[in-house]
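K.L.:
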Amino acid sequence: MTVPSINLHTITKEEAQRLESLEHKFLGYTPPSGSLAAQAQAAVARRCAQPVTKELAAFLYSEEHRTLGYGPPPDNIAVIAQSLADQNAMGGGTRTLADVGV
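Per the numbering used here, residue 10 is the first one in the sequence shown, and the count goes up by one each step.
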């Protein structure tokens, strides 16, 4: 059986919620603090609160490319981050991933 990898740097809100649901189903109760699901939720919350920079977008793209083995598709978090970083750089904005629901 192959176990999928979890990348806390690129996990999306929906993926973190799904992970929490699976962990809850497996454990039979809400995952405790410190669990993988809790770590994923915290990682998403931290990342979503930060304005997206070119450096963050490049890091996310690199991580997703490494995980997928090819360039991320258009609806991927890394591609969305690149767009937000470009907008922030041009307009001095503070757009975050949370602004687009990621």
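Built from N, CA and C at the ideal position, the CB exists for glycine as well.
Using three-state DSSP, classify THR105 as helix, strand or coil.
P.N.:
THR105 falls in the strand class under three-state DSSP.
K.L.:
Measuring straight from C-alpha to C-alpha, what distance separates ALA98 and GLN26?
P.N.:
Each residue's alpha carbon lies about 31 Å from the other.
K.L.:
Keeping to the same chain, check which residues put their C-beta closer than 8 Å to that of ALA52; ignore five residues upstream and five downstream.
P.N.:
Excluding sequence neighbours, ALA52 sits near LEU17, HIS18, ILE20 and ALA25.
K.L.:
Measure how close the beta-carbons of ARG104 and GLN96 come, nearest whole angstrom, since I'm counting them as under 8 Å.
P.N.:
Yes, they are in contact, since the Cβ atoms of ARG104 and GLN96 sit about 6 Å apart, within 8 Å.
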